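As they're listed, the protein sequences go chains R, Y, D and E.
Okay, so the first sequence: first residue is 1 according to my numbering, each after it adds one.
Okay, so the second sequence: first residue is 1001 according to my numbering, each after it adds one.
Okay, so the third sequence: first residue is 2001 according to my numbering, each after it adds one.
Okay, so the fourth sequence: first residue is 3001 according to my numbering, each after it adds one.
We put the beta carbon where it would ideally sit given N, CA and C, even for glycine.
Treat the numbers as computed from the prediction; the structure is a model and nothing was measured.
Below is one structure, written out as structure tokens; the observations come after it.
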Amino acid sequence: MTTAAQPALDPARLRADFPILGRELHGRRLVYLDSAATSQKPQAVLDAMDAYYRETNANVHRGVYELAAEATERFEGARDLAAALVNHPREGVVFTKNATEAVNLVAWAWGVRTLRPGDEVLVTEMEHHSNVVPWQIVAGITGARVRFAPVTPGGELDLERMRAMIGPRTRLVGVVHVSNVLGTINPVAEIAAMAHAEGALCLVDATQSVPHMPVDIAALGADLVAFTGHKMCGPTGIGVLCARPALLESWEPFLGGGEMISDVTTECSTWAEIPWKFEAGTPPIAEAVGLGAAVGYLQGIGLDRVRAHEREMAQALLDGLSELEGIRIFGPTDPDRRGAAVSFALPDLHPHDIAQFLDQEGVCVRAGHHCAKPLMRVLGVHATARASAYLYSGPDDVEALVAALRRARTYFGG
Amino acid sequence: MTTAAQPALDPARLRADFPILGRELHGRRLVYLDSAATSQKPQAVLDAMDAYYRETNANVHRGVYELAAEATERFEGARDLAAALVNHPREGVVFTKNATEAVNLVAWAWGVRTLRPGDEVLVTEMEHHSNVVPWQIVAGITGARVRFAPVTPGGELDLERMRAMIGPRTRLVGVVHVSNVLGTINPVAEIAAMAHAEGALCLVDATQSVPHMPVDIAALGADLVAFTGHKMCGPTGIGVLCARPALLESWEPFLGGGEMISDVTTECSTWAEIPWKFEAGTPPIAEAVGLGAAVGYLQGIGLDRVRAHEREMAQALLDGLSELEGIRIFGPTDPDRRGAAVSFALPDLHPHDIAQFLDQEGVCVRAGHHCAKPLMRVLGVHATARASAYLYSGPDDVEALVAALRRARTYFGG
Amino acid sequence: MPGLDDLYQQLILDHYRNRRNQGSLPDPTVQVRHHNPLCGDDLTLELLIEDGRVVEVRHDGDGCSISQAAASMMSEAVAGRTLPEALELVEHFRLVMHGDEEPDEDRLGDAIALEGVARYPVRVKCALLSWMALKDAIQTHSGERTEPVPTGE
Amino acid sequence: MPGLDDLYQQLILDHYRNRRNQGSLPDPTVQVRHHNPLCGDDLTLELLIEDGRVVEVRHDGDGCSISQAAASMMSEAVAGRTLPEALELVEHFRLVMHGDEEPDEDRLGDAIALEGVARYPVRVKCALLSWMALKDAIQTHSGERTEPVPTGE
Ligand SMILES: Cc1ncc(COP(=O)(O)O)c(C=O)c1O
Ligand SMILES: Cc1ncc(COP(=O)(O)O)c(C=O)c1O
């Protein structure tokens, strides 16, 4: 753990850790401003996975021989690292394939088996589809209802209206910790308390917070927390569900197969202990090892330093983009209340054209609905462009972005 | 495609492609005879994943910029490779996290939504848990019944009794193509025809066939085929479900989230085209790239040559193990009817002790129930030891195994 | 910037800045609304069909330069054509976008300028949006359209 | 082969070859059956309890050398102990297996030879099987056992 007194991180120096950032794009320096979609990977993570495959690849848990024991140790060691990162007991840490599966695990293991007609699941208008669609599917099967807590014009949750929507019928409140479109940091501890006051569970989508700031699940008081490896310097193919162990104990399993059983007869089966009860089949072993290395990398830097840096980057993006006449910037204007994913719209330029033009200048941004179509409707747009920073992003990236946007205007303006 | 006339493959030469096989185990040459649990990975596969992360890592499908377009091309290119390997249309190829999820996808997308009390799912006594437990879970939810087609004392399916068990109530027949315990190659085309004659679907668990022999899904006539990346020279974290496209079209989705939608409103959602409708969230991108490289590696050698080699290896294992007095070898004795995973029991030696002793001699074998507890009951054992060969396994590995088993007997016999 | 200018040919930017046949018809024979789920582009297309011919075309909506220019170019390319001709042209354009056919300038008119889009798979859907809407509109008119069934909720 | 001999100490092989207290009791106070899901090992344990003491122990079943030897050693180590002493010993042995406590030879007797198993995580469950069965048996006898609920089907 680092303290606030530690020196600011130097993104230009950190870039050397990320092989891809040495590459050029159309002859320009690669300016990667799409870390909210997926982060780049440091050498340490690639090395950890490579070493796993070269030294000790074997299937985990049941092998007696040394290779299998080593593989199991690295795999379960990654679980300890992930657990420690977010201050959660390790038996409550389930490895999934991504954050989306983590939410679906809750939807199928708990929702489909528990929800009844009249029950409500409350999510917010700023949720990513991964915290909306599973609940719509479950609602379709069970007859429960999905409701949406409103977003204010300033791009924050309307807490009072949200509180009013939580009642005795509410069985679960799902909320994104940091919005991938607006950047908004939501007061999830307060929302968890609101949910608990009515006996509802609280599921936090921490996909955009865990990579970018210290997250302490015990302090948040959330029952269920989902995040994903590929946005936190880790590999694709792995996500995490942190669940209160007692919940996992009480739920029926989701995926059935090897590893998650205690006994199987032709009559019935009994389940393994948690968290393995929810990890059917060969798990993403190398991916867990890579995620563990990513956690080590992030902790070596210090998540509070990452957060401090991204606060600066959010400010720099807000300032830089504001220079463009007529621009509309979505989400909070106060960098203390937001992360460094900044969506914007230019009246005369479609996000697709922006992203295409910027690409030619070596700048990667995302254009589209960012898997948040309900929010797009609230914002009254079909799509936005989004620039999102991470620990390797610097002011030079913001300058490149703004300069390229100016040229785009000229190009399309004619 | 290679022809039967091509020269036999040389495992000793192929070993050079697999970095881990250069490692020592307890000071001995690593004799890896646990490929049925997971295969080792050739350098080409590690390189493909590394190159993906170093050159073009980006989230797929929606990114406008060049990196994202390249990532999408490599990811979707891997789907083409997987589709071509098993002769299946690409829109019927769904990437999952492992074979287990592939079966569960069918169980949840189809089974839970379709099965009714009185309906039957027929699996076999030699299924891996991944083709048993999902059906037990679905049966628990829907009131359907899971039945088990019997295995003969010779370790084959009793086709006549199986046929008699398939009737108008049968909705799905699940069968393992090659048993991971017995090595038995099942006549799945015949079984698919039996299922179809009664209007049932046929799901083939091809986890132990696709890595080891040419598999042509069109020729098998199966509706659903599952396999897994890590047993076919590919990475962990990826599996494949090949489904008849019309089935995928007609099913409700399984996991909900990003990528799998066409539109999301607060009222309801519509789904993306197949196969993406069944791929929610960020897919295992690097893993798909790795799997594509594995397919390329296997096709470069030729799956028919792999099969011919493993037939030899099965014979060598059967011959070598038969030298041990009192040994019980499970599964077919005819190498034409089996793969190169050979389970055995020694009357005086527990499988755990075998595996532990062999480890010390550098030999990796598996001991346990191999996720096939119903079969263990049929065989009347709690566990077996299993040696399983792959394309890098040679006669020297079999010699090392048999010699070590002899020494184990002395050691424990006292 | 040769790559970009290859995609955004002058003709495209011109159609984007000055869209032909934008707006709506007082009394359309058929109207369809399409959207591109990937980027949220949204298009309303109206046709006036008389004696088996596309007499007038109007398009309106929100989209990137490629999708807007494509709609503008399409509206010019199909005006006056018989319904079978128009459907043939849609298919030809689709094959050009997927790199499966050489573009036929005589029939495509300005839309030939979209040729370069084929090298940008993500943008192909933008260029196709209005053409697919046209196909849908004609098939709706001919009673052939099978309504896509939303299987949600 | 120092590594292996470290795990399979002579004492272990001796108990494996000549199991103490194997079999069953004519009239056990309590009987439990445990299995190790990882390897399928199976153990039936019977206790004769009198005046709050474990008077006799019998074990039977199928398992590897470690689990069989552990059962044999356990049966010697607990015979004659009071129930609280026996439970304490189970907890001590468990901590030793997890590397969290130094083994106390006075109390463990021959079972001290299992110390080396702690370095083989997969085998720890084998060594613990009989001890966990003992704990379960005593708690069942004392009415404290909460039946594990099979949540299958
Ligand atoms: C026959 C068979 N089916 C299914 C599986 C499950 O594969 P996975 O663990 O990759 O899901 C295995 C391997 O464990 C297997 O051998
Ligand atoms: C806020 C948020 N939640 C969930 C997800 C889904 O993550 P994944 O695609 O890894 O499942 C994302 C990213 O796409 C996200 O930004």
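Assignment of beta-bridge partners to H2059(D) by DSSP yields Q2022(D), L2045(D). Taken through DSSP and simplified to helix, strand or coil, I329(R) comes out as strand. Across the segment 3090-3108 of chain E, no CB contact with chain Y closer than 9 Å is found for any residue. Look at A99(R): its beta carbon is less than 7 Å from one of the heavy atoms in ligand 2. A222(R) has its CB no nearer than 7 Å to any heavy atom of ligand 2.
Around D1223(Y), no beta-carbon contact reaches into chain D at under 9 Å, the shortest distance being about 20 Å. At the C-beta level, K1041(Y) and P1347(Y) stay beyond 8 Å of one another.
Collapsing the DSSP output to three states places W1271(Y) in a strand. The shortest C-alpha to C-alpha distance from A308(R) to any of Y392(R), H369(R), G290(R) is the one to Y392(R). Under a 10 Å Cβ-count criterion, G3063(E) is classified as buried, with 16 or more other Cβ atoms of the shown protein chains found around its own Cβ. Within the same chain, Cβ atoms closer than 6 Å to the Cβ of G1368(Y) are found at A1383, the five residues on either side in sequence being excluded.
DSSP places F254(R) in the coil class of the three-state scheme, outside both helix and strand. The shortest C-alpha to C-alpha distance from N104(R) to any of H350(R), L241(R), A280(R) is the one to L241(R). Close to F357(R), with beta-carbon spacing below 8 Å, are these residues of chain D in chain order: L2004. Annotation for S343(R): the continuous beta strand (DSSP E) segment containing it runs 341-345. Distance from the CA of W1276(Y) to the CA of D3100(E), rounded to the nearest whole angstrom, comes to 49 Å.
Not a single CB atom of chain R sits nearer than 8 Å to the CB of G2023(D). Interface annotation, A341(R): not in contact with chain D, CB-CB separation never under 8 Å.
A316(R) and V342(R) have their alpha carbons spaced roughly 11 Å apart. With the criterion set as a beta carbon lying under 7 Å from some beta carbon of chain E, the members of the segment 1367-1391 of chain Y are A1367, G1368, H1369, M1376, H1382, A1383, in sequence order. Cβ atoms of R3058(E) and L3013(E) stay farther apart than 8 Å, at about 22 Å.
Interface criterion not met: the Cβ of H1230(Y) is under 8 Å from no Cβ in chain E. Chain-ordered, the chain R residues with CB closer than 9 Å to the CB of G2063(D) read H350, H352, H382. Nearest neighbour of G1092(Y) by Cα position, chosen from A1222(Y), V1060(Y), N1057(Y), L1358(Y), turns out to be A1222(Y). For L2108(D), the closest alpha carbon among the candidates G2040(D), R2094(D), S2142(D) is that of R2094(D).
Of all residues in the segment 1261-1275 of chain Y, the ones placed with a Cβ closer than 8 Å to any Cβ belonging to chain R are I1261, D1263, V1264, T1265, T1266, C1268, S1269, in chain order. At least 8 Å separates the CB of H128(R) from every CB of chain D. Between A219(R) and H2098(D), the alpha-carbon positions lie close to 53 Å from each other. Between ligand 1 and the CB of G1174(Y), the shortest heavy atom gap is not smaller than 7 Å. Non-local C-beta neighbours of Q1136(Y) in its own chain, meaning closer than 6 Å and more than five positions away in sequence, comprise V1146, ordered along the chain. The nearest non-hydrogen atom of ligand 1 is less than 7 Å from the C-beta of C1371(Y). Separation of E101(R) and E1127(Y) (C-alpha to C-alpha, rounded to the nearest whole angstrom) is 26 Å. Just so you know, the alpha carbons of R2081(D) and V2090(D) end up roughly 12 Å apart. Its Cα nearest to that of V178(R), the residue R338(R) stands out among G199(R), R338(R), L33(R). Below the 8 Å Cβ cutoff, chain E contributes no neighbours of F1330(Y), its closest Cβ being approximately 14 Å away. Counting only the Cα atoms, L1085(Y) lies some 32 Å from F1344(Y).
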